[in-house]
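S.K.:
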Amino acid sequence: MRTIKLIRPAVLSLLFMLLAFTAGAQGAGNGIIEFNKLVHDFGDISLSSGKHSYTFTFKNTGKQPLVIQTVISSCGCTTPVWTRNPVKPGESGKIDVTFLNDQGPYPFDKSLTVYVSGLNRPLILRIKGVVHEKPKSLSQLFPKKIGNLSFRNNLLDLGQIAQGDSKSDIIAVANTSSNSLKIEFEGLPAGLTISASPQIISPGKKGELKITLNTRAHKQWGTVKYNAYLVLNGKKVSSEAINIQARILENFSNLTKEEIDQAPLPMANNSAVNFGSVKAGTEVSRTFELKNLGRKVLQLYKYDSNLDGVTVKHPAAINPGATAKIEIKAKTEGHTGDIIFQITFITNSPSRPVINLLLSGNVTR
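To convert, note that position 347 of the sequence shown is 346 in numbering that gives the first Met the number 0; the numbers rise steadily by one, no gaps.
#1: I need the straight-line Cα distance from K36 to L292, nearest angstrom please.
#2: Given that a residue counts as buried once 16 or more other Cβ atoms are within 10 Å of its Cβ, and exposed if not, what is V80?
#3: Helix or strand or just coil, what does DSSP make of T21?
#4: Comparing C-alpha positions only, which one of I193, T214 and V38 sits nearest to L122?
#5: Mapping DSSP to helix, strand and coil, what is Q244?
#6: By the 10 Å Cβ neighbour count, where 16 or more other Cβ atoms means buried, how is G280 classified, buried or exposed?
#7: Along the beta strand (DSSP E) that carries Q68, what are the first and last residues, could you check?
#8: From L248 to V223, what distance separates their C-alpha atoms?
#9: I think T346 touches Q298, with their Cβ atoms under 8 angstroms apart; what is that distance to the nearest whole Å?
#10: Can you tell me the Cα-Cα spacing of G26 and A173, whole angstroms?
#11: Closest to I210 by CA distance: which of W220, A245, I200 and N232 is it?
#12: Considering only C-alpha positions, which residue in the set V130, G336 and S194 is nearest to V185?
#13: In angstroms, rounded to a whole number, what distance separates the CA positions of T54 and S359?
#14: Just verifying my parser: in three-state terms, what is the DSSP assignment at K144?
#15: Residues in its own chain within less than 7 angstroms of S176 by CB, not counting five upstream and five downstream?
#16: Out of N269, R351 and G336, which has the shortest C-alpha to C-alpha gap to V277?
#17: Counting Cβ pairs closer than 8 angstroms, one from the stretch 88 to 100 and one from the stretch 108 to 125, do we hit at least three?
#18: Can you tell me the Cα-Cα spacing of R215 and Y225, whole angstroms?
#19: Grab the span of the beta strand (DSSP E) containing I123 for me, first residue to last.
#20: Taking C-beta to C-beta, are G92 and F141 nearer than 8 angstroms?
#21: Please name the residue in P263, N250, E239 and I199 whose C-alpha comes closest to that of G163.
#22: To which residues does DSSP link N361 through a beta bridge?
#23: Look up L46 in the DSSP assignment and say whether it is helix, strand or coil.
#24: From the DSSP secondary-structure annotation, give me the bridge partner or partners of I325.
#25: If we ignore side chains and look at the alpha-carbon of each, how far apart do G221 and K235 end up?
#26: Where does S149 fall in DSSP's three states?
#27: Compute the Euclidean distance between the alpha carbons of E257 and P85, then round it to the nearest angstrom.
#28: Do you know offhand how far S167's Cα is from D101's?
#29: Taking only the alpha-carbon atoms, compute the straight-line gap between L356 and D307 and give it to the nearest angstrom.
#30: Give me the Cα-Cα distance between D303 and T343, rounded to the nearest whole angstrom.
#31: Excluding five sequence neighbours on each side, which residues of the same chain lie with their C-beta closer than 6 angstroms to the C-beta of V309?
#32: How long is the line joining the alpha carbons of I317 and Q219, rounded to whole angstroms?
#33: Per DSSP, H217 forms a beta bridge with which residues?
#34: What does the alpha-carbon distance come out to for the pair N213 and I32?
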């Protein structure tokens, strides 16, 4: 495989990276703007039902008038119309969104990038749902059960979140039982909050769980996973949990151009190594070299691996101009055929907040 070449960070590349973080940082709009919600779930809709619309409302919570400069949709099937006039402090405006529902039966998740005066980052609103060609029963729509509460699935991936930010999403649920269900949660870890709307769901009705992860609660890096256990009608359901995960990266939103130019810059001598062919059960070991071409200390906060049985020996920091060795050992027991061990480092480099090193080969019986 080819060595991946790295390019010194530039302002434009940082902007694109920040857009990936925006959804997690917008809760209160930095004290300038607050939305009634950031995600609207249309739920299950039929293909023949035509257009569907929703209105996001917002309030100016700052001290100066604000203007919605523009709203950009991720898809031509979603049309936004918004308040054009300046909104005074304490007053409200709206963004009307219409989903055309003309692309066939499929799950959809569309984003709206909202540029607001006074904010250096756009905000992200989302609409989502599932379009069905034919009507389905509630049990068919929500086949996964935890206790008596039904889900489409019990996994929520919040995606990337910048350290210090928070991010929210919703999970649709349904009561397919014959009794009302009061939904609560017990023993949630610091920074994780879940609220049910409505808290009591009648038989045959649907609801939502709003899940928020606030990374300010305590510092974590890389992939984090949580289990959230339901309490239904006062009784804890311990048989299974809602699984929540996210990837937490460094927050570069307040860096100046000078700080970006001075930032650390990692360069691997070879980001992909093939160990050839080995018998199952063999432990393979390879050493990578990582050089810091930047002008600040490079921090390697944490590593994650896509497969079990991987151990990594690495320095916590690499000085400017220095080269460090990264020793990777991987167990091949339980694997056969072509295999790739992907080791992902979380760093403080704006241009490379994530570094992937690949160890590949063939495992025979």
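Even for Gly, the Cβ is constructed at its ideal location relative to N, Cα and C.
M.R.: The answer reads as follows:
#1: 43 angstroms
#2: exposed
#3: Confidence at T21 is low in this model, with a pLDDT of 38, below 50, so its placement is unreliable and the value that follows should be read with caution. It is helical.
#4: Cα-wise, what sits closest to L122 is V38.
#5: strand
#6: exposed
#7: Taken as a continuous stretch (DSSP letters only), the beta strand (DSSP E) holding Q68 covers I67 to S72.
#8: 11 angstroms
#9: 6 angstroms
#10: Note that G26 has pLDDT 44, beneath the 50 cutoff, so the model's placement of it is unreliable and the number below is only indicative. Distance between the alpha carbons of G26 and A173 is about 27 angstroms.
#11: A245
#12: According to the sequence provided, residue 185 is Glu. The question's Val does not apply to it. Comparing Cα-Cα distances from E185 to each of V130, G336 and S194, the minimum goes to S194.
#13: 49 angstroms
#14: strand
#15: N147 and P202
#16: G336
#17: The stretch 88 to 100, when compared against the stretch 108 to 125, does touch it at the 8 angstroms Cβ threshold.
#18: 16 angstroms
#19: L122 to H131
#20: Contact check for G92 against F141 fails: the beta carbons are separated by 8 angstroms or more.
#21: N250
#22: Under the DSSP definition of a beta bridge, N361 partners with S276 and D337.
#23: The answer is helix: DSSP assigns L46 an H, G or I state.
#24: F287
#25: The straight-line gap from Cα to Cα measures roughly 30 angstroms.
#26: strand
#27: 33 angstroms
#28: 28 angstroms
#29: For L356 and D307, the distance between alpha carbons rounds to 15 angstroms.
#30: So the two alpha carbons sit approximately 5 angstroms from each other.
#31: So the list reads A329 and F340, once near-sequence residues are dropped.
#32: Roughly 20 angstroms between the two C-alpha positions.
#33: H217 pairs with nothing; no bridge assigned.
#34: Going by the C-alpha atoms only, they are around 19 angstroms apart.
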